[in-house]
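These notes concern the structure reproduced below.
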Amino acid sequence: MTEFLRRHNLLFSSLFLVVCSFQLMSFSLENRNFPRFGARLVTSILAPVQEFHHELFQSLRGAWSHYVWLLTVEEERNGLLLQVKQLEEKNSTLIEFERENERLRSLLNFSQETGHRGVVASVVGHDPSNWLRMITIDKGEKDGISPGLAVVDGHAIVGQVTVVTNSSAKVLLLTDHLSAIDAIVQSSRAPGIAEGMSSGDLSLKFVSKEDTVMINDRVIASGLDGVYPKGMLIGVVTAVNTEVSGQFQSVDVLPRANFRHLETVLVLLPSADSPLGAIESPTPEKMELGEK
Amino acid sequence: MMRLLFIFVLVSLVGLFIQGTMVRPVSPSAVAPDFLLVLVIYLALHFPGVWGLVGAYSLGLAQDFASGEYVGPSAAGMVVAFYFAVVVSKKVYAENAIAVGLLVMIASVMKSLTYALVFEIFLGINVLITNEVKLWSLSIPVMFVEALFSGLIAPMVMRILHVTRKQVTVR
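Chains as they are written, first to last, in this note's numbering: chain A, 1 to 292; chain B, 293 to 463.
What follows is the structure in C-alpha cells.
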C-alpha cells in the first residue's frame with residue numbers, strides 16, 4: 001500500500017489538490033470577502049508596477065503619435081510652403097499690376113491736369129548701340145503716333161518720337177547728345193537750351209551770366225520749339241558755374257524723368273492749336289477712313 | 293533552495309504582471325497568452341515532483357486571487373495541466389521548441405476545460421457554449437486562441453527560465 005502510494009504520489013497529490021480547489025471554490029462562493037481579500041493583497045503588490053508600466057506605455061504611445069503627427073505636420077508644411085510660394089508669385093504679379101496701375105494713373109492724371117491727349121505706350125526695348133540713348137515703344141502709326149511727338153512719363157519730359165513704324169516707334173531721350181530742348185529756368189525765367197550729355201545728365205546752355213540761376217531751380221520747357229508743351233518739367237539745377245569764360249554760365253540739370261526705370265510713357269498727341277497739330281497727323285478715325 | 297523559491301515567487305509576479313498588463317494596452321479584448329501556464333509546464337518538465345505540483349497549485353491560486361472573484365478554478369486547472377505535462381514528458385521527449393509548444397497548447401486546453409468544469413459544477417454555467425458569463429469571457433474560440441498564443445511563446449519563455457535557473461544554480 002505504501003509502495004503503491006509512493007509510486008503514485010503525484011497522482012494522489014494532484015487529486016488532493018483538485019479536491020482542495022473545489023473546497024476553496026465552495027468557500028469563496030459562501031464568503032465573498034475571502035477572494036477579495038486575496039485580490040487586495042495581490043493588487044497591492046502589483047499595482048505600483050502596473051501604474052509605472054501604464055505611464056511608461058502612455059509616454060511611448062504619446063511619443064510615437066507625436067512622431068507620426070510630426071510626419072503629418074511635415075507633409076502639411078510642405079503643402080503650405082508650396083501654397084506660400086504660389087501665393088508669393090501671385091502677390092508679385094498683383095504688385096506689378098498695382099504699380100502699372102499707379103503709372104497709368106499718373107499718366108492719366110497728367111493728361112487730365114494738362115489737358116493734353118496722349119497715347120500710353122510701354123517701353124519694349126532700348127537702343128543696342130552705346131552712342132545713342134533711345135527707347136522703343138509698342139505703339140506706332142496705327143495708334144496715331146508720328147515723328148516729332150513729345151514723350152513724357154507722367155512727371156517730366158522723356159524725349160521725342162523719331163522713327164515710327166506701323167506698330168512701334170523709337171524715342172530719342174532728352175539725355176541723348178543729339179537732343180536739344182528750348183527751356184527756361186522757372187524761377188528767374190532765364191532762357192536756355194537743355195542738351196543731353198554723355199554722362200546722362202543735361203546741360204542748360206546759353207544761359208546769360210546776367211541771369212540768376214540757383215541750385216534746385218526747376219527747368220521747364222519754354223514751348224517755343226512747338227514740340228514740348230510750355231511749362232512741362234525737364235529737370236532740376238544741380239550745379240551752376242559762372243566762372244567759365246564767355247558770356248554764358250554753365251548750368252547742370254538733373255533730368256526729372258527716371259530713365260533707368262522707364263516702363264510706361266505717354267506720347268502726347270498734338271492739340272489743335274499746337275504747331276504739330278496743324279500738321280495732319282493720323283488719327284484713329286482718319287486711319288480707319290484711310291484703310292477703307 | 294531559498295534562492296530558487298525566491299526566483300519562483302519573482303517570476304510568478306512577473307507572469308501575473310505581464311498577463312494582466314502588457315497585452316491589455318494593445319487591445320482590451322485581446323486574448324493574452326497564459327504565462328503562468330508556461331511556468332507550470334516548466335515546473336512539470338524540470339521539477340516533476342510534489343514540490344513542483346505545489347508550485348503549480350500556488351500559481352493557480354495566485355491567478356485566482358489576482359482576479360478577485362472565485363478561488364479554485366485556476367488552481368484546479370493548473371494542477372491538471374501540471375499532471376498532464378508530467379505524464380506526457382515521461383512518455384514523449386519534450387525538450388525541443390515544437391514539442392514544448394504543442395505540450396503547452398494541449399495543457400492550456402485541458403486547463404480551460406477544467407476551469408469550465410468547475411464553473412459548471414458550482415455555478416451551473418456553461419462557460420464554453422454561452423456568452424452569459426460576464427466575469428470570465430471564456431468561449432471555445434478564446435480557449436483555442438489562448439492555447440495557440442501560449443504555445444507560441446512557450447519555447448522562448450522556457451529558454452529564458454532555463455538560462456535564469458542555470459545562472460542562479462551556478463552562483
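We put the CB at the ideal spot given by N, CA and C, even for glycine.
- What does A:M25 reach in chain B if we use C-beta pairs closer than 7 Å? Per Cβ cutoff of 7 Å: Y362, V363, G364, P365, V410 and F414.
Review point. Got a sec? Which residues, its chain only, sit under 8 Å from B:V401 by beta carbon, not counting five neighbours each side?
Key: Here the set comprises M435, F436 and A439.
* Any Cβ of chain B within less than 8 Å of the Cβ of A:L94? -> Under the Cβ criterion of 8 Å, A:L94 is not counted among the residues facing chain B.
Next on the checklist: So A:F22 contacts chain B; which residues on that side make the cut at Cβ distance below 9 Å?
Outcome noted: Within 9 Å Cβ-Cβ: G364, A368, V410, I413 and F414.
Problem set entry | Residues in the stretch 388-400 of chain B having any Cβ partner in chain A nearer than 9 Å | Cβ contacts with chain A come from no residue of the stretch 388-400 of chain B.
CB contact below 8 Å: A:L29 versus chain B: It does; some Cβ of chain B falls within 8 Å.
Name the chain B residues whose beta carbon is nearer than 7 Å to that of A:S13? Those within 7 Å of A:S13 in chain B are V342 and L345.
Given that A:G38 touches chain B, what residues does it touch there, using C-beta distances under 9 Å?
-> In chain order, L353, A354, D356, F357, A358, G360 and V363 make up the part of chain B whose C-beta sits under 9 Å from the C-beta of A:G38.
Handout entry: Inside the stretch 41-94 of chain A only - alpha helix (DSSP H) runs reaching at least 4 residues
Key = Annotation note: the stretch 41-94 of chain A contains no uninterrupted alpha helix (DSSP H) run of length 4 or greater.
Distance cutoff 8 Å, beta carbons only. Does A:H8 sit that close to anything in chain B?
A:H8 does not count as touching chain B.
Check: With respect to 7 Å, is the separation between the Cβ of A:L29 and the closest non-hydrogen atom of the ligand ZN below this value?
Finding: Absence of the ligand ZN from the depicted structure is noted, as is the absence of any ligand whatsoever, leaving it without description.
Next on the checklist: The beta strand (DSSP E) that contains B:F339, what's its start and end?
Outcome noted: Segment: none, B:F339 is in no beta strand (DSSP E) and carries neither H nor E.
Simplified DSSP assignment, three categories, for A:G148: A:G148 sits in coil when the DSSP states are folded into three classes, being neither helix nor strand.
Exercise for review: Could you tell me if B:V301 is buried or exposed, where buried requires 16 or more neighbouring beta carbons within 10 angstroms of its beta carbon?
Suggested key: Answer is exposed; the Cβ neighbour count stays below 16.
Exercise for review: Compare the Cα-Cα distances from A:T165 to each of A:D138, A:I157, A:T175 and A:A150 and report the closest residue.
Suggested key: When each option's Cα is compared against that of A:T165, the closest is A:D138.
Check: B:Y407 CB to nearest chain A CB: under 8 Å?
Finding: For B:Y407, the answer is no, since every Cβ of chain A falls outside 8 Å of its Cβ.
Residue burial classification, B:P325 (beta-carbon count within 10 angstroms, cutoff 16): Buried, since its Cβ has 16 or more Cβ neighbours within 10 Å.
Task: DSSP-derived helix/strand/coil call for A:D143 - done: DSSP places A:D143 in helix when its eight states are reduced to three.
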